[in-house]
Amino acid sequence: MEGPFSLSLGSRPEPWQRIHMSTVTIHLPDRIEANLADRVKTSGASSTEEYLLRLVEWDVANGELDGLLANRMSGPFAPLEEDWKERVRSAAAKRTEA
Numbered sequence: 004m005e006g007p008f009s010l011s012l013g014s015r016p017e018p019w020q021r022i023h024m025s026t027v028t029i030h031l032p033d034r035i036e037a038n039l040a041d042r043v044k045t046s047g048a049s050s051t052e053e054y055l056l057r058l059v060e061w062d063v064a065n066g067e068l069d070g071l072l073a074n075r076m077s078g079p080f081a082p083l084e085e086d087w088k089e090r091v092r093s094a095a096a097k098r099t100e101a
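Under my numbering, the first residue of the sequence shown is numbered 4, with each subsequent residue one higher.
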């Protein structure tokens, strides 16, 4: 039987973190714990807590973006000028030249 893996988010904030953080405890099976340890190493995160915090922040940010995009799908829409592709290409070329 797989044993639990306990994790406390926010219990050891980095020195640069000056915000209050809640504590969350997660119990994971051994097979998931091993996979999580590998992901932490390859992600460049300094700890499991940091890795999971990044995942939660990404999920929250994408959820907000999804809502914003869904609202924009209903319009209003401004017509594009005929030369819009050329203007985008020109702007991109200027950025790569600099």
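All residues carry an ideal CB built from backbone N, CA and C; glycine is no exception.
Determine the burial state of residue i: buried for a count of at least 16 other Cβ atoms within 10 Å of its Cβ, exposed for fewer.
i	result
T51	buried
L83	exposed
L56	buried
If I measure Cβ to Cβ from residue i and keep anything under 6 Å in the same chain, skipping five residues before and after, which residues do I get?
i	result
R98	none
R34	none
Return the chain-ordered list of same chain residues with a C-beta closer than 7 Å to the C-beta of residue i, the five sequence neighbours on each side being excluded.
i	result
Y54	R42, V43, S46, A48
Subject >> Stretch-stretch touch, CB-based, cutoff 8 Å, three pairs: the stretch 67-81 with the stretch 36-48 >> reply: no
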